[in-house]
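Comments concern the structure below.
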Amino acid sequence: MPDDSLQPDPDDDLVARARNGDTRAFDALILKYGEKLYGLVYNMTSHKEDTHDLLQDIFAKAYHSLPRFRGQSSFYTWIYQIAVNMTLNFLKKRKRRSGMSLNDLDASFQDDPALVDASHLANPEKQSKLHELQKRLNEAMLSLSEAHRTVVTMFDIQGIPHAEIARILKVSEGTVRSRLHYAHLHLQSKLQDYWE
Amino acid sequence: MKPTVEEIGTLLALKRHERPEDGYFDGFLREFHQRLRAEEAQQKGLAGWWRKTSAWFSDLGASKWAYAGGLAYATIVVLVMTFPRGQEVIPTATTPVNHEVRSLEPAAVEQLDALDLRPSTKGRTGEQEF
Numbered sequence: 001m002p003d004d005s006l007q008p009d010p011d012d013d014l015v016a017r018a019r020n021g022d023t024r025a026f027d028a029l030i031l032k033y034g035e036k037l038y039g040l041v042y043n044m045t046s047h048k049e050d051t052h053d054l055l056q057d058i059f060a061k062a063y064h065s066l067p068r069f070r071g072q073s074s075f076y077t078w079i080y081q082i083a084v085n086m087t088l089n090f091l092k093k094r095k096r097r098s099g100m101s102l103n104d105l106d107a108s109f110q111d112d113p114a115l116v117d118a119s120h121l122a123n124p125e126k127q128s129k130l131h132e133l134q135k136r137l138n139e140a141m142l143s144l145s146e147a148h149r150t151v152v153t154m155f156d157i158q159g160i161p162h163a164e165i166a167r168i169l170k171v172s173e174g175t176v177r178s179r180l181h182y183a184h185l186h187l188q189s190k191l192q193d194y195w196e
Numbered sequence: 001m002k003p004t005v006e007e008i009g010t011l012l013a014l015k016r017h018e019r020p021e022d023g024y025f026d027g028f029l030r031e032f033h034q035r036l037r038a039e040e041a042q043q044k045g046l047a048g049w050w051r052k053t054s055a056w057f058s059d060l061g062a063s064k065w066a067y068a069g070g071l072a073y074a075t076i077v078v079l080v081m082t083f084p085r086g087q088e089v090i091p092t093a094t095t096p097v098n099h100e101v102r103s104l105e106p107a108a109v110e111q112l113d114a115l116d117l118r119p120s121t122k123g124r125t126g127e128q129e130f
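If you read the protein sequences in the order shown, they are chains A and B. In terms of UniProt numbering, the numbers along the first sequence are unbroken and rise by one, the last being 196. In terms of UniProt numbering, the numbers along the second sequence are unbroken and rise by one, the last being 130.
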């Protein structure tokens, strides 16, 4: 995880080349951060097509904004800020537009292979319980406010430290910890009926 | 029974391995380049100018309202300064004309040849004599 204050940005060279119109350098940045940003956007939107479209918009926005990127933060922090802001704006618009329910979400999100432990495959009962738990976890995640879901996604799923989350969201570390605390309490209460 | 915070963290951490399918970013990059080319083509002409201006304006953040206010104020000032003002006309009392107006005959021009332009040697009393 880059620390803006201590290290030079490892992406300086790629960013400078991309700024001068080298699209291959920008491709390298997409390949470097694409998966992480995909995870962020997907866990926030729970929708694969929306994730794809948003990711295109995020990288296009970053590409066009490169001339205004002053290097006050690392490229990583900067593009994360763009991604979080655009995703939150998208979620607000989507909520206004359709009042999306859980039924509108991707089947794949409800059937996340990452949660299926291979050791449980041989045990249909355990596997069924795990699926149920996974479904409840996703529902609980979607019942969080957008601000809380953002910190849970970044901290618990993506493993980003508090300080970096604070930098990306432009809030204090205390705010990040407080949001996480309340988000965890909410998830605990939502999952208590399904926890053995 | 409630799961602990650590258990919730462990459960959520499993989702860290969630990735798009293999080869996803090859197609993603192709689409991205197509998009950039289409945007470049669009940016030529008036529509492009408008898009760039809109993008610049939306990038300004909260200060855009100050710019918008200033622009609106300047527009109003320019309109007030340049709008043609009608001259103030004081209405005068009019009387109806009830007689025929005839155009005057042009005054007869005396023929210079007929005039005696020689200096006169005789003058009357009090007049200068040449």
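C-beta atoms are modelled at their ideal positions from N, C-alpha and C, and glycine is treated no differently. In this text, all values refer to a predicted model and were calculated from it rather than measured experimentally.
Exposed unless 16 or more other CB atoms sit within 10 angstroms - verdict on residue i
{"i": "residue 67 of chain B", "result": "exposed"}
{"i": "residue 169 of chain A", "result": "buried"}
{"i": "residue 76 of chain B", "result": "exposed"}
{"i": "residue 47 of chain A", "result": "buried"}
{"i": "residue 17 of chain B", "result": "exposed"}
{"i": "residue 164 of chain A", "result": "buried"}
{"i": "residue 71 of chain B", "result": "exposed"}
{"i": "residue 30 of chain B", "result": "exposed"}
{"i": "residue 83 of chain A", "result": "buried"}
{"i": "residue 45 of chain A", "result": "buried"}
{"i": "residue 38 of chain B", "result": "exposed"}
{"i": "residue 83 of chain B", "result": "exposed"}
{"i": "residue 1 of chain B", "result": "exposed"}
{"i": "residue 57 of chain B", "result": "exposed"}
{"i": "residue 62 of chain A", "result": "buried"}
{"i": "residue 149 of chain A", "result": "buried"}
{"i": "residue 80 of chain A", "result": "buried"}
{"i": "residue 140 of chain A", "result": "buried"}
{"i": "residue 81 of chain B", "result": "exposed"}
{"i": "residue 27 of chain A", "result": "buried"}
Beta-carbon gap between residue i and residue j smaller than 8 Å
{"i": "residue 180 of chain A", "j": "residue 3 of chain B", "result": "no"}
{"i": "residue 55 of chain A", "j": "residue 37 of chain A", "result": "yes"}
{"i": "residue 144 of chain A", "j": "residue 186 of chain A", "result": "yes"}
{"i": "residue 19 of chain A", "j": "residue 67 of chain A", "result": "yes"}
{"i": "residue 40 of chain A", "j": "residue 11 of chain B", "result": "no"}
{"i": "residue 156 of chain A", "j": "residue 75 of chain A", "result": "no"}
{"i": "residue 130 of chain A", "j": "residue 194 of chain A", "result": "no"}
{"i": "residue 173 of chain A", "j": "residue 166 of chain A", "result": "yes"}
{"i": "residue 152 of chain A", "j": "residue 176 of chain A", "result": "no"}
{"i": "residue 51 of chain A", "j": "residue 33 of chain B", "result": "no"}
{"i": "residue 43 of chain A", "j": "residue 44 of chain B", "result": "no"}
{"i": "residue 90 of chain A", "j": "residue 78 of chain A", "result": "no"}
{"i": "residue 86 of chain A", "j": "residue 57 of chain A", "result": "yes"}
{"i": "residue 11 of chain A", "j": "residue 29 of chain A", "result": "yes"}
{"i": "residue 8 of chain B", "j": "residue 72 of chain A", "result": "no"}
{"i": "residue 25 of chain A", "j": "residue 35 of chain B", "result": "no"}
{"i": "residue 28 of chain B", "j": "residue 34 of chain A", "result": "yes"}
{"i": "residue 49 of chain A", "j": "residue 88 of chain A", "result": "no"}
Opening and closing residue of the alpha helix (DSSP H) in which residue i lies
{"i": "residue 177 of chain A", "result": "173-191"}
{"i": "residue 168 of chain A", "result": "162-169"}
{"i": "residue 62 of chain B", "result": "From DSSP, residue 62 of chain B is part of no alpha helix (DSSP H); its letter is neither H nor E."}
Chain-ordered chain E contacts of residue i [CB-CB under 8 Å]
{"i": "residue 57 of chain B", "result": "Among the protein chains in the structure shown, which are A and B, there is no chain E."}
Three-way DSSP call (helix, strand, coil) for residue i in this model
{"i": "residue 15 of chain B", "result": "helix"}
{"i": "residue 143 of chain A", "result": "helix"}
{"i": "residue 43 of chain B", "result": "coil"}
{"i": "residue 114 of chain A", "result": "Here residue 114 of chain A scores only 47 on pLDDT, less than 50, and its place in the model should not be relied on; the value that follows carries that caveat. Note: residue 114 of chain A maps to helix in three-state DSSP."}
{"i": "residue 28 of chain B", "result": "helix"}
{"i": "residue 81 of chain A", "result": "helix"}
{"i": "residue 74 of chain A", "result": "coil"}
{"i": "residue 57 of chain B", "result": "helix"}
{"i": "residue 150 of chain A", "result": "helix"}
{"i": "residue 10 of chain B", "result": "helix"}
{"i": "residue 81 of chain B", "result": "helix"}
{"i": "residue 158 of chain A", "result": "coil"}
{"i": "residue 70 of chain B", "result": "helix"}
{"i": "residue 124 of chain A", "result": "helix"}
{"i": "residue 87 of chain A", "result": "helix"}
{"i": "residue 93 of chain A", "result": "helix"}
Heavy atom of the ligand GDP within 7 Å of residue i beta-carbon
{"i": "residue 72 of chain A", "result": "Although the ligand GDP was asked about, the structure shown includes no ligands whatsoever."}
4 or more residues per run - each alpha helix (DSSP H) lying fully within the region 1-68 of chain A | 12-19, 23-45 and 48-65
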